[in-house]
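*Asks:* Pasting a structure below so you can have a look.
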Amino acid sequence: MKITKKVFKEEMIQRLKEKYAMDISDATPQELFHVLGSVVKTYYADDWVQTWKDYLTEETKQVYYFSIEFLPGKMLKSNLLNLGILDTVRDGLTELGFSLDDIVDQEKDMALGNGGLGRLASCFMDSIASCGLPGNGNGIRYDYGLFKQRFVDGYQVELPDEWLNNGNVWEVRKESKAIDVRFGGDVYMMPLADGRLKPVYENSRLIKAVPYDTAMVGYQNDVVNTLRLWSVEIPASEESKYRSLEDRRELEDLTAVLYPDDSNERGRRIRLLQEYFFVSAGVQSIVRYFKKLNKPLTTMSQSIAIHINDTHPALCVPEMMRILLDECDLSWEQAWEITVKVMSYTNHTIMSEALEKWPIELMQDLLPRMYQIIEEIDRRFVNQYRKYYEADLIERTRIIRNGQVHMANLAIIGSHSTNGVAKLHTDLLKNVVLHDFYVIFPGRFNNKTNGIAERRWLQLSNEPLAKLLDKTIKTSWRQKPNDLHLLQNFVEDDAVLSAIEEAKYKNKVALAQYIKETTDIVVSPNAIFDVQIKRLHAYKRQLLNLLHILKLYFDIKAKPDLQMEPRVFIFGAKAAPSYSYAKAIIKTINETAQLINNDPDVKDRLKIVFLENYNVTLAERIIPAADVSEQISLASKEASGTSNMKLMLNGAVTLATLDGANIEIRDAVGKENIVIFGLTEEEVYAYYHAQNYNALGIYEDSPTIQKVLNAFIDGTIPNIQFEGQEIFDSLIKYNDEFFVLRDFDSYCLAQKRIEELYQDKRRWQQISLINIANAGKFSADHTVERYAEDIWQIEPVFAHKELTR
Ligand code: 475
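Residue numbers (UniProt numbering): 1 to 805.
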């Protein structure tokens, strides 16, 4: 459908009248946002219905991406871009006397995720639709998204994220597609006359899962997929069971909040129920859909792929078994074969505390039928493989052991594919973390390096650079991110090099303005903008960054006229509310900022800016303005990272350890165009094996480290008596779990190298250009195409569409 400016403007005026009974000139940005949203919805409505019908009538194989988190951020601009009407709408609004950007600001971030894992799921949704792949998301519609972070006296304070307060224009409630989900009570198997067993439930509870669908609009290709998020309600038939307000509350709480810890939620009842709730609703609705196709159940894997994003949806395995056994009367063997073929699983972390386990009693109590099935899967696994492998290996890989249900084991055993998210990460899974499984199922393991949606992370968020690219290499990169490569031809072109710098400068001015408005700190756009944005975690080592800043500070104090390239260190990070060590680091960074930013001796050579409430929208502001990308996790700990890719795409120079996807970034840009430092993964493991890491020794041997660390406990950094001691102790008393001190010297040298490179303007611009030119590799389009071919066995719909047009 061709949407002209004229038609668009008339529609806005008309709808505003209908909805708010006012002239458009009187409308507030909030009202305009709602009307604009509903107009945009009408622009993709036909394609949405058509895509759905096509999949059904063509019997297209589809993937369902199950994830307990999705982190789309704002959707208005992205929908406009993908519909190909961003300029039409922007110009139309201007003619009506409004600015699109003011209206865009009204949209609340959809923040139903914690960090990397949830954002990856959303980048995948964008890429799946944009590549014309038949795929849907399946998750939870939390009433409250990830908490809003405020700093009070330098401390993180968490406020609820009431994202639904003004309604959500994008979602469509589908009451008619609701599903009943059962939990609790007792279950026993009753023999039928024909010898089969049927489960009988006693005292169990039924809850209603109501889906809310959101369109995932593909990039200018008429494909509109669906993100389906489930919300809990009390079914009419059960109303009488919920007499008291508390009873209802308990149930309604099920989809109330997103758990704000991105590594573990030790044994929380509601978390386990959340997991089962969206899994059961999702899998039931998929089987209901499959039945419409009138094909034998044994062929399900030709029509359906289910992806388990980390272990939170691992109950997909026993839930599919339950449906096939109890409701479709298949034999165990048939059901198992179907389930394993349909399921695939991605691991996102090797951190052992993040490996999900549930106490047997809790699972039995809340999900008795699930537990029975898991027990049987476990029993059969042990039976089948103990013939071939030593007892210890079987003991280590079985699902139920030490009183707990091991969810990763369930996901691996119950699926045909297990993948890691970067080469190094997958190698570590195969050789260390999941080695026992690799011995049993070598063919199931594969790598899929993460990727990012270049539409959001460049086209939408960095207009100055996008325009420059259009001018320099034409526009094909917008369709095919690999064409960014064309920029490489301009690496000696002075005009292009300075244009890159100008675009960056423009973005830095805009960020400086935002910093001034939100923090009252004045920063110069001529300084190096050095950026570390990610969740706050000990392994990500924001602390290492801070130690280096303190070193620079003491260098200045020791030598007041020290010449150095001015720097602004920008942080964005939320800490899990219960993670007190991470919160101590936030407090300490904030107090150090107070100290340094207000010390007249520093004379603007150093600034620390910790921006509140890091989220997708803030990332979109920071990333285009970054000069340096801090990717400094201890080697082996960061599974992949994705901000590294976003920053590179925007021309930042990466300062990194050889961890996660940093290694692949180095391979893509060449080692002269990235600054690498620190222990390698082998060296880290060598310390583990020899058990000879000695942080105290490093401290005692280095006057610099002593000076920097003492600042935490001797009052140099103000107001951190408690936090400073906790951090100091983590390094010295508890022997520095993430080898911060070991990498300190190497990091300082790398920072020195950054400064030298920056001082050679042309060289810096060239590195920046080379980074942009080689970022196409990390487009999530490629990543999902690899998943589609290797794991899901699904195909793009275009081939067919072209024929029928
Ligand atoms: C990795 N989140 C990144 C990214 O693959 C990687 C865990 C438990 C509960 C809720 N959320 C989580 C994660 O484990 C997570 O975000 N992992 C991250 O996944 C995408 O790029 O290296 O740390």
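Yeah, the Cβ is synthetic: ideal placement off N, Cα and C, and Gly gets one too.
The alpha helix (DSSP H) spanning Ile286 covers which residue range?
*Replies:* Residue mapping note: residue 286 aligns to position 286 of the sequence shown, counting from 1. Note, Ile286: alpha helix (DSSP H), Arg269 to Lys292.
*Asks:* Should Lys53 and Pro134 be called a contact, given that it needs their Cβ atoms to be closer than 8 Å?
*Replies:* In the sequence shown, the residue the question calls residue 53 occupies position 53. In the sequence shown, the residue the question calls residue 134 occupies position 134. In this structure, Pro134 does not lie closer than 8 Å to Lys53 by Cβ.
*Asks:* Distance, Cα to Cα, Phe151 vs Arg141?
*Replies:* As a position in the sequence shown, residue 151 is number 151, starting the count at 1. As a position in the sequence shown, residue 141 is number 141, starting the count at 1. Spanning the two alpha carbons is a distance of roughly 27 Å.
*Asks:* For the stretch 398-436, which segments carrying the beta strand (DSSP E) assignment without a break, of at least 3 residues, lie completely within its bounds, in sequence order?
*Replies:* Runs of the beta strand (DSSP E) inside the stretch 398-436: 404-406 and 418-420.
*Asks:* To the nearest angstrom, report how far apart Tyr581 and Thr588 are at their CA atoms.
*Replies:* Position 581 of the sequence shown, counted from the first residue, corresponds to residue 581. Position 588 of the sequence shown, counted from the first residue, corresponds to residue 588. For Tyr581 and Thr588, the distance between alpha carbons rounds to 11 Å.
*Asks:* Provide the residue(s) that pair with Thr346 in DSSP beta bridges, ordered along the chain.
*Replies:* Here residue 346 refers to the residue found at position 346 when the sequence shown is read from its first residue. Answer by DSSP bridge pairing, in chain order: Asn309 and Asn419.
*Asks:* Could you tell me whether any non-hydrogen atom of the ligand 475 is closer than 7 Å to the CB of Val257?
*Replies:* The sequence position of residue 257 within the sequence shown is 257, counting from 1. It does not: the Cβ of Val257 is nowhere closer than 7 Å to a heavy atom of the ligand 475.
*Asks:* Relative to the alpha-carbon of Ser67, which residue among Phe290, Val223, Pro313 and Leu146 has its alpha-carbon at the smallest distance?
*Replies:* Mapped onto the sequence shown, residue 67 falls at position 67. When each option's Cα is compared against that of Ser67, the closest is Pro313.
*Asks:* Write down every uninterrupted run of the alpha helix (DSSP H) in the stretch 625-661 whose length is 4 residues or greater and which is fully enclosed by it, in chain order.
*Replies:* 643-649, all fully within the stretch 625-661.
*Asks:* Starting from the N-terminal side, write out each stretch of the alpha helix (DSSP H) that is 4 residues or longer and does not extend beyond the stretch 78-112.
*Replies:* The stretch 78-112 contains these whole alpha helix (DSSP H) runs: 86-96 and 100-104.
*Asks:* If I measure Cβ to Cβ from Glu785 and keep anything under 7 Å in the same chain, skipping five residues before and after, which residues do I get?
*Replies:* Within the sequence shown, the letter at position 785 stands for residue 785. Excluding residues within five positions, the ones whose Cβ falls inside 7 Å are Cys131.
*Asks:* Using the three-state DSSP reduction, which class does Cys131 fall into: helix, strand or coil?
*Replies:* Here residue 131 is taken as the residue at index 131 of the sequence shown, counted from 1. It is coil, neither helix nor strand.
*Asks:* Got a sec: does the ligand 475 put a non-hydrogen atom nearer than 7 Å to the Cβ of His348?
*Replies:* The residue given as residue 348 occupies position 348 in the sequence shown. Under cutoff, so the answer is yes.
*Asks:* For Ser476, count neighbouring C-beta atoms within 10 Å of its own C-beta (all shown protein chains included) and say buried if the count is 16 or more, exposed if not.
*Replies:* As a working note, residue 476 is residue 476 in the sequence shown. Exposed.
*Asks:* What is the rounded straight-line gap between the Cα of His406 and the Cα of Leu355?
*Replies:* Here residue 406 is taken as the residue at index 406 of the sequence shown, counted from 1. Here residue 355 is taken as the residue at index 355 of the sequence shown, counted from 1. If you take the alpha carbons of His406 and Leu355, they lie about 8 Å apart.
*Asks:* For Ser122, name the three-state secondary structure that DSSP assigns.
*Replies:* Numbered from 1 along the sequence shown, position 122 holds the residue referred to as residue 122. Residue state, collapsed to three classes: helix.
*Asks:* So, is Ala45 buried or exposed, given that buried needs 16 or more other C-beta atoms within 10 angstroms?
*Replies:* Counted from its first residue, the sequence shown places residue 45 at position 45. Exposed, because fewer than 16 other Cβ atoms sit within 10 Å of the Cβ of Ala45.
*Asks:* Quick test of your reading: Lys148 and Asn613, contact by CB under 8 Å. State the CB separation rounded to the nearest angstrom.
*Replies:* As a first step, residue 148 must be located in the sequence shown, where it is residue number 148. As a first step, residue 613 must be located in the sequence shown, where it is residue number 613. Rounded, the Cβ-Cβ distance is 6 Å, consistent with contact.
*Asks:* Can we count Val279 as close to the ligand 475, meaning its CB is less than 7 Å from some heavy atom?
*Replies:* One-based indexing of the sequence shown puts residue 279 at position 279. Not under cutoff, so the answer is no.
*Asks:* Within the present structure, is the beta-carbon of Thr418 separated from the nearest heavy atom of the ligand 475 by less than 7 Å?
*Replies:* Indexing the sequence shown from 1 puts residue 418 at position 418. No, the ligand 475 has no heavy atom inside 7 Å of this Cβ.
*Asks:* State the Cα-Cα distance for the pair Asn309 and Asp494, rounded to the nearest angstrom.
*Replies:* In the sequence shown, residue 309 corresponds to position 309, counting from 1. In the sequence shown, residue 494 corresponds to position 494, counting from 1. Spanning the two alpha carbons is a distance of roughly 45 Å.
*Asks:* Could you give the distance in angstroms between the alpha-carbon of Ile3 and the alpha-carbon of Gly84?
*Replies:* For this step, residue 3 is matched to residue 3 along the sequence shown. For this step, residue 84 is matched to residue 84 along the sequence shown. One C-alpha to the other measures close to 9 Å.
*Asks:* Verify the CB distance criterion: does Cys131 have a CB-CB separation below 8 Å to chain D?
*Replies:* Although the question refers to chain D, the structure presented lacks it and comprises just one protein chain.
*Asks:* Checking 8 Å against the spacing of the C-beta atoms, do Ala780 and Cys123 come in under that value?
*Replies:* Residue mapping note: residue 780 aligns to position 780 of the sequence shown, counting from 1. Residue mapping note: residue 123 aligns to position 123 of the sequence shown, counting from 1. Taking 8 Å as the Cβ cut-off, Ala780 and Cys123 qualify as a contacting pair.
*Asks:* By alpha-carbon positions, which one of His348, Val317 and Arg742 ends up nearest to Gly282?
*Replies:* Within the sequence shown, numbered from 1, the residue matching residue 282 stands at position 282. When only C-alpha atoms are compared, the closest one is Val317.
*Asks:* Please return the same chain residues whose Cβ sits closer than 6 Å to the Cβ of Val684, not counting the five positions on each side in sequence.
*Replies:* As a first step, residue 684 must be located in the sequence shown, where it is residue number 684. Around Val684: Ala635 and Ser636.
*Asks:* Give the range of the alpha helix (DSSP H) segment to which Val40 is assigned.
*Replies:* The residue you call residue 40 lines up with position 40 of the sequence shown. Counting along the chain, the alpha helix (DSSP H) containing Val40 begins and ends at Pro29 to Thr57.
*Asks:* Look at Ala178 and Ala209 and say whether their C-beta atoms are less than 8 Å apart.
*Replies:* Sequence index remark: in the sequence shown, residue 178 carries index 178 (1-based). Sequence index remark: in the sequence shown, residue 209 carries index 209 (1-based). The answer is yes: Cβ separation under 8 Å.
*Asks:* Cβ of Gly115 versus every heavy atom of the ligand 475: is any distance shorter than 7 Å?
*Replies:* The residue labelled residue 115 in the question sits at position 115 within the sequence shown. Checking every heavy atom of the ligand 475 against the Cβ of Gly115, one is found closer than 7 Å.
*Asks:* Can you tell which of Gly185, Leu536, Ile720 and Leu543 has its C-alpha closest to the C-alpha of Gly116?
*Replies:* On the sequence shown, position 116 is the one that residue 116 refers to. Out of Gly185, Leu536, Ile720 and Leu543, Leu536 has the C-alpha closest to the C-alpha of Gly116.
*Asks:* Secondary structure at Lys61, three-state DSSP: helix, strand or coil?
*Replies:* Counting from one through the sequence shown, the residue named residue 61 turns up at place 61. Lys61 falls in the coil class under three-state DSSP.
*Asks:* What does the alpha-carbon distance come out to for the pair Ser99 and Ala527?
*Replies:* On the sequence shown, residue 99 is found 99 positions in, with the first residue counted as 1. On the sequence shown, residue 527 is found 527 positions in, with the first residue counted as 1. One C-alpha to the other measures close to 31 Å.
*Asks:* Would the C-beta of Asn662 count as close to the ligand 475, meaning under 7 Å from any of its heavy atoms?
*Replies:* To locate residue 662, count along the sequence shown from 1; it is residue 662. False, no ligand heavy atom lies under 7 Å from that Cβ.
*Asks:* Would you say the beta carbon of Ser244 comes nearer than 7 Å to a heavy atom of the ligand 475?
*Replies:* In the sequence shown, residue 244 corresponds to position 244, counting from 1. Ser244 Cβ: outside cutoff for every heavy atom of the ligand 475.
*Asks:* Could you check whether Ile674 and Thr654 sit closer than 8 Å to each other, using their CB atoms as the reference points?
*Replies:* If you number the sequence shown from 1, residue 654 lands on position 654. If you number the sequence shown from 1, residue 674 lands on position 674. It is a contact, given that the beta carbons lie within the stated cut-off.
*Asks:* Which residues does DSSP list as the beta-bridge partners of Pro72?
*Replies:* Along the sequence shown, read from residue 1 onward, the residue named residue 72 stands at position 72. Pro72 pairs with nothing; no bridge assigned.
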